[in-house]
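In my numbering, the protein residues as written are 17 to 656.
Okay, structure coming up:
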């Protein structure tokens with residue numbers, strides 16, 4: 017989030033540079049403390065100094081359990097078996113994958129039970145971890161009854177999609193208006209694709225009393241996807257090994273990914289879709305299935321394993337249907353089917369996909385010095401991850417349009433949509449989280465999507481703050497967004513507040529202490545507020561010293577305060593303290609950590625907060641004590 021600074025140089029911290037006989041080392045008070053955890057608000061966007069890159073999804077395949085087979089009781093499902101036997105033309109196992117070649121390339125894979133289960137699924141159809149043993153579930157169920165589409169545009173779109181699916185063999189031919197014994201039918205919808213004028217067909221496996229997804233547990237559907245953190249590790253290692261050589265990013269997409277996997281006929285019989293009163297058996301894996309992603313990503317983890325361990329395509333990653341990575345600029349290979357040169361790794365990946373029969377399209381194979389991957393712009397030259405400019409501008413515009421309704425009411429669905437969009441942006445602008453606090457507070461306890469919610473001044477102020485900071489935000493720089501220990505900090509401060517006296521902080525390295533009486537106009541009386549205000553005051557001080565610290569640790573004996581700063585989450589009025597702190601961090605470039613210290617170790621800050629200066633100087637005789645003015649804006653004063 018802070019503006020990019022030059023790479024850190026190997027200069028000793030302020031504590032070491034200024035320590036002398038009249039100062040005291042901070043470890044005198046912290047030696048027994050356990051290592052702190054990473055701040056939660058940073059999500060996955062902090063890296064370790066010397067992490068070794070790898071592909072988690074491919075590595076996971078080496079220990080993953082086999083994909084589930086059809087349960088034994090399902091093989092005695094008489095009504096389903098009779099229907100399948102009587103109408104075999106409706107039930108086919110359809111896949112473009114060259115299963116024999118796929119299997120050959122996996123001969124050296126260390127997890128042969130997984131390999132065998134996936135190859136069996138490709139040959140016989142997959143089972144989606146579904147528990148069908150319930151005796152209360154009807155033998156035949158029409159979840160599509162009464163849910164027919166009415167919009168003529170949507171109907172025309174669905175008919176074209178149906179015709180294409182029938183042509184590809186993934187839908188059966190129509191077999192009439194009635195379900196056959198053992199069948200289930202799920203409703204279909206049409207929704208617009210995000211930020212596009214195109215439509216998408218949704219087969220809703222979660223709708224209805226006996227929805228297919230109700231038989232699949234969320235735990236069984238969990239998957240490990242490669243992410244931007246993994247890509248950051250890869251790029252950081254490339255920089256450490258090869259310096260600032262020019263790199264290019266690439267991204268390759270498998271076409272219609274989920275649909276390339278076949279389902280077992282005993283599951284196909286439950287995947288009937290209804291269009292124009294005609295029934296079709298859906299024979300393939302579906303995006304609407306809770307287990308659909310797990311099946312696809314398990315298959316793709318094996319494809320990645322082949323790419324890395326058989327074809328030697330290192331630092332290759334994947335997120336659902338997108339595979340991505342980096343290559344040296346200028347290292348290219350001609351790919352004949354598209355009559356085009358591609359980064360060498362990308363061209364070899366496409367060749368592997370051809371070898372195993374995995375379809376792709378030219379338009380979805382991208383490469384550039386700066387490329388959007390998993391929704392974020394990745395620039396290996398700047399080593400930066402940020403929002404695409406267009407996406408950021410659209411979000412800022414959406415925030416300002418929302419705020420233009422000040423004094424009016426907006427339905428809950430609009431609040432949720434905007435909050436979700438902003439929350440996504442926090443991946444690369446994590447310090448802006450305090451701006452969402454009032455939004456979530458207004459939505460709390462409401463569930464009806466059309467419920468009208470009043471847009472008040474506090475919400476408008478927070479959202480406008482987010483919009484302004486987004487406009488000027490720069491994203492995250494992977495070479496400097498590092499996890500670090502308290503010993504690596506440039507400056508250490510200790511803060512505290514007393515119930516009936518004041519608040520204080522002090523610097524061991526500078527032998528300086530500061531104290532103030534509790535403000536009489538504070539919005540709350542609880543000690544928690546003043547503990548947090550003391551940390552904010554310490555941060556203000558750190559931003560004013562010369563040299564300004566890049567890495568700052570503030571110790572507090574208030575667990576609530578530590579949690580608040582590590583999550584950047586608090587309710588009013590504490591949230592104003594967080595917003596004021598974030599403004600300082602963004603304007604100064606300071607990287608802050610707030611760590612917990614037991615009260616009995618926080619002796620000097622405690623004494624200063626009680627105005628017991630003699631107790632403080634008894635520990636550090638050279639301590640110079642001054643008074644300070646507590647930060648005013650969180651107390652309600654107009655911010656300059």
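Don't be surprised by glycine CBs; every beta carbon is placed ideally from N, CA and C.
Q: Can you say whether residue 304 is buried or exposed, counting buried as having 16 or more other CB atoms within 10 angstroms of its CB?
A: For the purposes of this step, residue 304 is taken as the residue at position 288 of the chain shown. Residue 304 is classed as buried because its beta carbon has at least 16 other beta carbons within 10 Å across all chains shown.
Q. Roughly how many angstroms separate the alpha carbons of residue 87 and residue 143, rounded to a whole number?
A. On the chain shown, position 71 is the one that residue 87 refers to. On the chain shown, position 127 is the one that residue 143 refers to. Straight-line Cα distance between these residues: approximately 9 angstroms.
Q) Just the Cα atoms here: how many angstroms apart are residue 413 and residue 390? A) As a position in the chain shown, residue 413 is number 397, starting the count at 1. As a position in the chain shown, residue 390 is number 374, starting the count at 1. Between the C-alpha atoms of residue 413 and residue 390 there is a straight-line separation of about 22 angstroms.
Q. Could you give the distance in angstroms between the alpha-carbon of residue 567 and the alpha-carbon of residue 637?
A. Locating residue 567 in the chain shown gives position 551, counting from the first residue. Locating residue 637 in the chain shown gives position 621, counting from the first residue. So the two alpha carbons sit approximately 27 angstroms from each other.
Q | Where the beta strand (DSSP E) containing residue 208 begins and where it ends | A | Stepping through the chain shown from its first residue, residue 208 is reached at position 192. 204-208 is the extent of the beta strand (DSSP E) around residue 208.
Q | residue 510, enclosing alpha helix (DSSP H) - first and last residue | A | Position 494 of the chain shown, counted from the first residue, corresponds to residue 510. The continuous stretches of alpha helix (DSSP H) do not include residue 510, which lies in the beta strand (DSSP E) extending over residues 507-513.
Q. For the beta strand (DSSP E) that contains residue 356, what are its first and last residues?
A. In the chain shown, residue 356 corresponds to position 340, counting from 1. Per DSSP, residue 356 belongs to the beta strand (DSSP E) from 356-359.
**Q.** Beta-carbon spacing of residue 281, residue 100 below 7 angstroms
**A.** As a position in the chain shown, residue 281 is number 265, starting the count at 1. As a position in the chain shown, residue 100 is number 84, starting the count at 1. Their beta carbons are under 7 angstroms apart, which means residue 281 touches residue 100 by this criterion.
(Q) Quick check on DSSP: helix, strand or coil for residue 500? (A) Counted from its first residue, the chain shown places residue 500 at position 484. It is coil, neither helix nor strand.
Q) Alpha carbon to alpha carbon, how far is residue 201 from residue 140? A) Residue numbering aside, residue 201 sits at position 185 when the chain shown is read from its first letter. Residue numbering aside, residue 140 sits at position 124 when the chain shown is read from its first letter. Spanning the two alpha carbons is a distance of roughly 22 angstroms.
Q. To the nearest angstrom, how far is it from the Cα of residue 329 to the Cα of residue 459?
A. Walking along the chain shown from the start, residue 329 turns up at place 313. Walking along the chain shown from the start, residue 459 turns up at place 443. When rounded, the distance between both Cα atoms is 47 angstroms.
Q) In the DSSP assignment, what are the bridge partners of residue 642? A) Residue numbering aside, residue 642 sits at position 626 when the chain shown is read from its first letter. Beta bridge pairing from DSSP links residue 642 with 530.
**Q.** Alpha-carbon to alpha-carbon, residue 203 and residue 159
**A.** In the chain shown, the residue the question calls residue 159 occupies position 143. In the chain shown, the residue the question calls residue 203 occupies position 187. Approximately 6 angstroms between the Cα atoms of the pair.
Q) Looking at the unbroken alpha helix (DSSP H) that takes in residue 456, where does it start and where does it end? A) Stepping through the chain shown from its first residue, residue 456 is reached at position 440. Per DSSP, residue 456 belongs to the alpha helix (DSSP H) from 453-459.
Q) Does the region 224-233 come within contact of the region 286-306, defined as at least 3 CB pairs closer than 8 angstroms? A) Verdict: yes, contact present.
Q. For residue 119, is the classification buried or exposed, using 16 other Cβ atoms within 10 angstroms of its Cβ as the cut-off for buried?
A. One-based indexing of the chain shown puts residue 119 at position 103. Label assigned to residue 119: buried.
(Q) Do residue 418 and residue 296 have their beta-carbon atoms positioned less than 7 angstroms apart in this structure? (A) The count along the chain shown starts at 1 and reaches residue 296 at position 280. The count along the chain shown starts at 1 and reaches residue 418 at position 402. With contacts defined by Cβ atoms closer than 7 angstroms, residue 296 and residue 418 do not form a contacting pair.
Q) If residue 645 and residue 532 are in contact, beta carbons under 8 angstroms, what's the gap, nearest whole angstrom? A) Residue mapping note: residue 645 aligns to position 629 of the chain shown, counting from 1. Residue mapping note: residue 532 aligns to position 516 of the chain shown, counting from 1. The pair is a contact, with the Cβ atoms about 7 angstroms apart (cut-off 8 angstroms).
**Q.** Three-pair Cβ contact test at 8 angstroms for the region 449-457 versus the region 467-485
**A.** Cβ pair count under 8 angstroms is three or more, so yes.
Q.
Quick check: the Cα distance between residue 602 and residue 537, rounded to an integer number of angstroms?
A. Here the question's residue 602 lines up with position 586 in the chain shown. Here the question's residue 537 lines up with position 521 in the chain shown. Their backbone Cα atoms lie some 27 angstroms apart in a straight line.
(Q) Suppose you measure from the CA of residue 624 to the CA of residue 448; what does that come to, to the nearest Å? (A) Here residue 624 is taken as the residue at index 608 of the chain shown, counted from 1. Here residue 448 is taken as the residue at index 432 of the chain shown, counted from 1. In this structure, the straight-line span from the alpha carbon of residue 624 to that of residue 448 is close to 32 angstroms.
Q.
Taking 7 angstroms as the threshold (C-beta atoms), are residue 385 and residue 264 in contact?
A. The residue you call residue 264 lines up with position 248 of the chain shown. The residue you call residue 385 lines up with position 369 of the chain shown. The answer is yes: Cβ separation under 7 angstroms.
Q. When you compare each of 617, 582, 441 and 430 to residue 409 by their alpha carbons, which one comes out closest?
A. Sequence index remark: in the chain shown, residue 409 carries index 393 (1-based). When only C-alpha atoms are compared, the closest one is 441.
Q | DSSP three-state assignment for residue 281, whether helix, strand or coil | A | Counting from one through the chain shown, the residue named residue 281 turns up at place 265. If DSSP states are grouped into helix, strand and coil, residue 281 belongs with the helices.
Q.
So for residue 418, helix, strand or coil by DSSP?
A. Mapped onto the chain shown, residue 418 falls at position 402. In the structure shown, residue 418 sits in a helix (DSSP, three-state: H, G or I).
Q: Take the Cβ of residue 37 as the centre, count every other Cβ of all protein chains shown within 10 Å, and call the residue buried at 16 or more, exposed below.
A: Counted from its first residue, the chain shown places residue 37 at position 21. Here the model assigns residue 37 a pLDDT of 43, short of 50, so the residue's position is not dependable, and the following value carries that caveat. Exposed, by the Cβ-count rule.
Q) Which of helix, strand or coil does DSSP assign to residue 537? A) By 1-based counting over the chain shown, the position of residue 537 is 521. It is coil, neither helix nor strand.
Q: Would you mind sorting residue 396 into buried or exposed? The rule is 16 or more other CB atoms within 10 Å of its CB.
A: Your numbering for residue 396 matches position 380 in the chain shown. Label assigned to residue 396: buried.
Q.
Is any non-hydrogen atom of the ligand GDP found closer than 6 angstroms to the C-beta of residue 506, if you look at the structure I gave you?
A. In the structure shown, the ligand GDP is absent, as is every other ligand, since no ligand is present at all.
Q.
When you compare the CB positions of residue 499 and residue 67, do they come within less than 7 angstroms of one another, or not?
A. Within the chain shown, residue 499 is the residue found at index 483, counting from 1. Within the chain shown, residue 67 is the residue found at index 51, counting from 1. No, these two residues do not count as a Cβ contact at 7 angstroms.
Q) When you compare only the Cα positions, how much space is there between residue 47 and residue 555? A) Position 31 of the chain shown holds residue 47. Position 539 of the chain shown holds residue 555. Going by the C-alpha atoms only, they are around 23 angstroms apart.
Q: Please report how far the alpha carbon of residue 81 lies from the alpha carbon of residue 131, in whole angstroms.
A: The residue given as residue 81 occupies position 65 in the chain shown. The residue given as residue 131 occupies position 115 in the chain shown. Those two C-alpha atoms are separated by around 10 angstroms.
Q) When the Cα atoms are used, what is the spatial distance from residue 487 to residue 180? A) By one-based count along the chain shown, residue 487 stands at place 471. By one-based count along the chain shown, residue 180 stands at place 164. Counting only the Cα atoms, residue 180 lies some 43 angstroms from residue 487.
Q: Please determine if the region 511-521 and the region 51-62 are in contact, where contact requires at least 3 C-beta pairs separated by less than 8 angstroms.
A: With a cut-off of 8 angstroms, the region 51-62 and the region 511-521 do not count as touching, because too few Cβ pairs lie within range.
Q | Simplified DSSP state of residue 260, which is helix, strand or coil | A | In the chain shown, the residue the question calls residue 260 occupies position 244. Coil, per DSSP.
**Q.** residue 401 and residue 322 closer than 7 angstroms at C-beta
**A.** As a working note, residue 401 is residue 385 in the chain shown. As a working note, residue 322 is residue 306 in the chain shown. Residue 401 places its beta carbon 7 angstroms or farther from that of residue 322.
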